[in-house]
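Visitor: For the sequence shown, the numbering used here begins at 3 and goes up steadily by one. Once you've had a glance at the structure underneath, I'll fire off some questions.
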Amino acid sequence: MSDHDSVLQAWVVEVSQELGLTVETDVETLLDLAGTAAHAVVRPAAPLTTFLAGAALAQGRTLEEVVAAVERVVAARDSSSPDPR
Numbered sequence: 003m004s005d006h007d008s009v010l011q012a013w014v015v016e017v018s019q020e021l022g023l024t025v026e027t028d029v030e031t032l033l034d035l036a037g038t039a040a041h042a043v044v045r046p047a048a049p050l051t052t053f054l055a056g057a058a059l060a061q062g063r064t065l066e067e068v069v070a071a072v073e074r075v076v077a078a079r080d081s082s083s084p085d086p087r
């Protein structure tokens, strides 16, 4: 685990404790999801997407379902955007 990973994991633990959360957090997958949103839309889409992911998880969706849903939205955006050539 890199120093970066250790810092992020410690942050997740600290914030989770403060919020009274007992959920397991897949940091790598959430960061990948944020990166997908940031690159597919605009950078500020990253925190908004992770917030929406959290809301979906709270409603009982799995992280895999959430990631798949975001990937479908990104693919639909990609297929409907004009060819830049």
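Ideal Cβ positions, reconstructed from N, Cα and C, are used throughout, including at glycine.
What are the boundary residues of the alpha helix (DSSP H) that includes SER4?
Guide: That residue, SER4, is in no alpha helix (DSSP H); it is neither H nor E in DSSP.
Visitor: Where does GLU20 fall in DSSP's three states?
Guide: DSSP places GLU20 in helix when its eight states are reduced to three.
Visitor: Using a Cβ cut-off of 9 Å (strictly closer), state whether ALA55 contacts chain D.
Guide: The chain inventory of the structure shown lacks chain D, comprising one protein chain alone.
Visitor: Given a threshold of 16 other Cβ atoms within 10 Å of its Cβ, counted over all protein chains shown, does THR24 qualify as buried or as exposed?
Guide: Looking at its Cβ environment, which holds fewer than 16 other Cβ atoms inside 10 Å, THR24 is exposed.
Visitor: Assuming THR76 contacts THR38 under a Cβ cut-off of 8 Å, what Cβ separation, rounded to an integer in Å, is found between them?
Guide: Checking the sequence shown, residue 76 turns out to be Val, not Thr. Right, the Cβ-Cβ distance comes to about 6 Å (below 8 Å), so this counts as a contact.
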